[in-house]
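Colleague:
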Amino acid sequence: MLALVSPALLVILALIVLPVGWLAWQSIYHDGFTLENYRRIVTESIYWRSFALTFEISLLVTVLALLLGYPVAYLANAVPRGWSVLILALVVLPFWTSVLVRAYAWLALLQRTGVINQFLRYLDVIGEPLALVHNTFGTVVATVHILLPFMVLPLYATMQKIPGDLMHAGASLGAGPAHAFVRIFLPLSLPGVLAGCTMVFVLCLGFYITPELLGGGRTVMVSMLVSRNVELYNQFGAASAVAVVLLLSVLLIFFVVSRFISLDRVLGQK
Amino acid sequence: MRTISPGRIALIAVCALVLVFLILPVLIIAPISFSSARFLTFPPPSLSLRWYQQYFSNPAWMQATRVTLTVAFFTVAIATPLGVAAAYAISQSKLRIMRLIHMTLLLPLVVPIIITAVGIFFVYVRVGLVATMPGLVLANVMLGLPYVVISVLAGLQSFDPTQEMVARSLGMNRLRSFFAVTLPQIKSSVVAGGIFAFISAMDETIIALFISGGQYQPLTKRMFTALRDEIDPTIAAISTLMTAASFMLVLVASARQPKKA
Chain P
1 MLALVSPALL VILALIVLPV GWLAWQSIYH DGFTLENYRR IVTESIYWRS FALTFEISLL
61 VTVLALLLGY PVAYLANAVP RGWSVLILAL VVLPFWTSVL VRAYAWLALL QRTGVINQFL
121 RYLDVIGEPL ALVHNTFGTV VATVHILLPF MVLPLYATMQ KIPGDLMHAG ASLGAGPAHA
181 FVRIFLPLSL PGVLAGCTMV FVLCLGFYIT PELLGGGRTV MVSMLVSRNV ELYNQFGAAS
241 AVAVVLLLSV LLIFFVVSRF ISLDRVLGQK
Chain Y
271 MRTISPGRIA LIAVCALVLV FLILPVLIIA PISFSSARFL TFPPPSLSLR WYQQYFSNPA
331 WMQATRVTLT VAFFTVAIAT PLGVAAAYAI SQSKLRIMRL IHMTLLLPLV VPIIITAVGI
391 FFVYVRVGLV ATMPGLVLAN VMLGLPYVVI SVLAGLQSFD PTQEMVARSL GMNRLRSFFA
451 VTLPQIKSSV VAGGIFAFIS AMDETIIALF ISGGQYQPLT KRMFTALRDE IDPTIAAIST
511 LMTAASFMLV LVASARQPKK A
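Note that the protein sequences, when read in sequence, are chains P and Y. According to this note's numbering, the first sequence holds residues 1 to 270 in order. According to this note's numbering, the second sequence holds residues 271 to 531 in order.
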């Protein structure tokens, strides 16, 4: 059995374990042991500001995805089967569209001469086109769009397992719909909330294409620090250290979350 | 019998808006791609196929398309058997280390792709795989493996391994019993896994940005560069084709995927 699994394992070891190990080594070794690369992350403002910005954006995206995703998952769960299939299909559809295609779509919608600005000017709502893209706003909108399915699917899966009888029981004991929702449904859906939020937050931490294309160079997320240090400045040690800190953050989050819910639940989607 | 309360109407309205938010950007691409305008205008002044012509007559775009399709084809051809073998071993073996191996095979889903990309770049520089076809294929095999493993493991869950033991007790060897008894029953999850690996290879951009070059640049890398420089409606045409292709593949895959995957 080990012989059967070893070719796949070899590919993973050679193309993800070895490269990441290499990064870790390169971040602390340059003509001898050094912590210079890590010192830079703490002391130079461009580095820690970028980390702070990335965490802020990820948090914002996660909260927005939760606010938008929860009602959709709830409704998909509360309607007859035919409707819920339709709702889920609409959620999953963009999931299978290339991230690049969706970045292009948002550029087409949000830019100065884009669909939304033209429409608003046609309606005479605005005189000057709004700056909707090449900034943090555009990045957040497109990122929420891309990550929303990762929130809805685990929420829906969890809600499906909540027995409808419990809400009836609550109602028969005198709880109004709102009260029953807050006391019964919401707490029981929390594992799904945790799974969805973890996935969205972690994926957002490492986002590259969207901030690069829609951020307009001002929204420098951590992933862009990594790529710029490699491509523009040839600062391999610095890039490696940033990558290692990013990876450790992700692993730490997974580790903490795994204390509360099974990781299979988080990774179950996509 | 349920009365429609104001709360429910509000809920439905909010959901409708969210669904429009999800779907509209994907749908907006097609009208742009059929527009005759040089710049993005909406609604399009008149219909035309010029951006599709632009795409199909441009040697650079065509070369990139060939690279993408070749990479995706070889990715599936390699990742599927490796993933099936691994999933089979994981489901059959009782070794404790298998759980660790299983987790390891899912690492490509956990490690942020930008980190994987830079790491692979450093390794490829050392072994001379930058800007080569094998290098691209190998990286995509790594990314595609988890999809095959997850899909096939789901398929194997509803398969009763005693059937294979029966076949072996009747004189088939392990290999033959697998192909004669097991594989036909998990075929649809194998196909689904392969299709997901194909789509993942078609979409992969970030690793390609670092390790591809010269004549071996996939479509996504050229699209990314084009999007960074100027927004050319040719990309709308390419995007429409890509979206149509992956929707068709997903339809095939989900029709074949076992329930509850």
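We put the CB at the ideal spot given by N, CA and C, even for glycine.
1) What separation, rounded to the nearest whole angstrom, lies between the Cα atoms of P/Ile253 and Y/Ile481?
2) Using beta carbons (cut-off 8 Å, strictly below), is Y/Thr386 in contact with chain P?
3) So which residues on chain P does Y/Leu289 lean against when the C-beta distance must stay under 8 Å?
4) Please report the Cβ distance between P/Met167 and P/Ile184, rounded to the nearest whole angstrom; I am assuming they are in contact, meaning their Cβ atoms lie under 8 Å.
5) Using three-state DSSP, classify Y/Leu317 as helix, strand or coil.
6) Give me the Cβ distance between P/Leu100 and P/Gly138, rounded to the nearest whole Å; I'm assuming they're in contact under 8 Å.
7) Taking DSSP as the reference, what is the three-state secondary structure of P/Tyr233?
8) Could you name the residues that DSSP lists as bridge partners for P/Tyr29?
9) According to DSSP, is Y/Tyr486 part of a helix, a strand, or is it coil?
10) Going by alpha carbons, who is nearest to Y/Gly464 out of Y/Ala496, Y/Ser421 and Y/Leu440?
11) Does DSSP put P/Ser84 in a helix, a strand or coil?
12) Across which residues does DSSP place Y/Ser305 in a beta bridge pair?
13) Nearest by alpha-carbon distance to P/Ala24: which of Y/Asp499, Y/Ile390 and Y/Val419 is it?
14) So, with DSSP's three-state summary, where would you put P/Ile146?
15) Identify the contact partners of Y/Val341 in chain P, using a Cβ-Cβ distance below 9 Å as the criterion.
16) Kindly indicate which residue of P/Leu251, P/Leu267, P/Ser258 and P/Gln235 has the alpha-carbon position closest to the one of P/Glu36.
17) Against P/His145, what residues of chain Y qualify as contacts under a CB-to-CB distance less than 8 Å, listed in chain order?
18) Check the Cβ of P/Val220 against every Cβ in chain Y and list those closer than 8 Å, keeping chain order.
19) Under 7 Å Cβ to Cβ from P/Tyr29, same chain only, skipping five residues before and after it: list those, please.
20) List, in order along the chain, the chain Y residues whose C-beta lies closer than 8 Å to that of P/Gly206?
21) Counting only Cβ-Cβ distances shorter than 8 Å, please list the residues of the region 343 to 362 of chain Y near chain P, keeping chain order.
22) Which residue wins for smallest C-alpha separation from P/Ala131, given the options P/Gly216, P/Leu186 and P/Ala73?
23) Would you tell me roughly how many angstroms separate the C-alpha atoms of Y/Asp473 and Y/Ala355, rounded to the nearest one?
24) Can a CB atom of chain Y be found closer than 8 Å to the CB of P/Phe254?
25) Please report the straight-line C-alpha distance between Y/Trp321 and Y/Pro503, rounded to a whole angstrom.
26) Under the three-state reduction of DSSP, which class applies to P/Met159: helix, strand or coil?
27) For Y/Ser327, which of helix, strand or coil comes out of DSSP?
28) Do you know how far the Cα of Y/Phe291 is from the Cα of P/Ala142?
Modeller: Quick answer:
1) 29 Å
2) yes
3) Val72, Ile87, Leu90 and Val91
4) 6 Å
5) strand
6) With a Cβ gap of about 15 Å, P/Leu100 and P/Gly138 do not count as contacting.
7) coil
8) P/Phe33
9) strand
10) Y/Ser421
11) helix
12) Y/Leu317
13) Y/Ile390
14) helix
15) The premise fails here: Y/Val341 is roughly 15 Å from chain P at the closest Cβ pair, so nothing lies under 9 Å.
16) P/Gln235
17) Phe291, Leu292 and Pro295
18) Under the 8 Å cutoff, chain Y gives no residues; its nearest Cβ is about 13 Å from P/Val220.
19) none
20) Pro382, Ile383, Ile384 and Ile385
21) Leu352, Gly353, Ala355, Ala356, Tyr358, Ala359, Ile360 and Gln362
22) P/Gly216
23) 25 Å
24) yes
25) 6 Å
26) helix
27) coil
28) 10 Å
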